[in-house]
Amino acid sequence: MKRIFLIMVMAIFSLGLSAQKIAYVDTDYILSKIPEFSDAQAQLDDLASQWQKEIEAKFLEIDKMYKEYQANKVLYPDEMRQRKENEIVAKEKQVKDFQQGKFGSEGELFKKRQELIKPIQERVYNSIQSVADKNNYAIIFNKSDGVTMIYTNSKYDVSDEVLDNLGYSY
C-alpha cells in the first residue's frame, strides 16, 4: 500500500505538477495537543482495562474448575464427568463470547472509540482541509500514518497551523 502511494506521488510529480504546493502534518502530534482526545483515550483505556480484568477473572474461574475436574476426574461416574466437561466448555465459550463482544471488530470498545474519537478526528481532518484551502496546498501528507519521508523541512509542517485553526494555540 505504501509503495503504491509513493508511486502515485512520484507519478504526480513526473506529470509536471511538482510546482504545486505541498505540506505535511503530524496527526499524532496534533491529537496529542487536543485535551479532548487525551480524555477520550484515557476513558477508552480505563474501559478496556476494566473489561480485561473481568475476562481474566473469568478465565481464572475456568482454570479453577478445570483443575478441580482433573483432580476428581477418576472419582466421577461417566455421566458426571461428561457434565463437568460440558460445563467447562460452555463457560469457556461464554467468556470468549464476552471477550469478542467487548474487544471484537464490532465490539463495545470499537463502538465507544467511534463515539469518542471519530468526531475529534473529523474536526482535525476538516481543519487540515481548511488550512489546505487557505494556503492553496495541492497535497498534504500525514507523517504519522507511516508515510515514509526521508527528509522533511519543518517550514512545510502545518501541524501547528491546524492546531491554531482548531483553537488550540501552543
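Sequential numbering of the sequence shown, starting at 1, is according to our numbering.
Yeah, the Cβ is synthetic: ideal placement off N, Cα and C, and Gly gets one too.
Predicted model, so just to flag it, every value in this text is computed and none were measured.
Going by beta-carbon coordinates alone, are residue i and residue j separated by less than 9 Å?
i    : j    : result
I128 : I139 : no
S144 : D28  : yes
Y137 : I30  : no
F59  : V89  : no
DSSP three-state label for residue i, please.
i    : result
I117 : helix
N136 : coil
Y29  : helix
I34  : coil
Y24  : strand
G101 : helix
Report, in whole angstroms, the separation of the C-beta atoms of residue i and residue j, which I expect to be a contact under 8 Å.
i    : j    : result
K101 : E108 : The residue you asked about is not Lys; residue 101 is Gly in the sequence shown. With a Cβ gap of about 7 Å, G101 and E108 count as contacting.
I55  : F98  : 7 Å
Identify, in the order they occur along the chain, each residue of the same chain with its Cβ nearer than 8 Å to the Cβ of residue i, setting aside the five sequence neighbours on each side.
i    : result
K134 : none
N142 : Y24, V25, D26 and T27
Residue i: beta carbon under 8 Å from a heavy atom of the ligand COA?
i    : result
V124 : The model depicted lacks the ligand COA and carries no ligand whatsoever.
Could you check if residue i is buried or exposed, using at least 16 other CB atoms within 10 Å of its CB as the buried criterion?
i    : result
A40  : buried
S159 : buried
V124 : buried
Give me, in chain order, the residues of the same chain whose beta-carbon lies closer than 7 Å to that of residue i; leave out the 5 immediate sequence neighbours on both sides.
i    : result
R113 : L44
N165 : S127, S130 and V131
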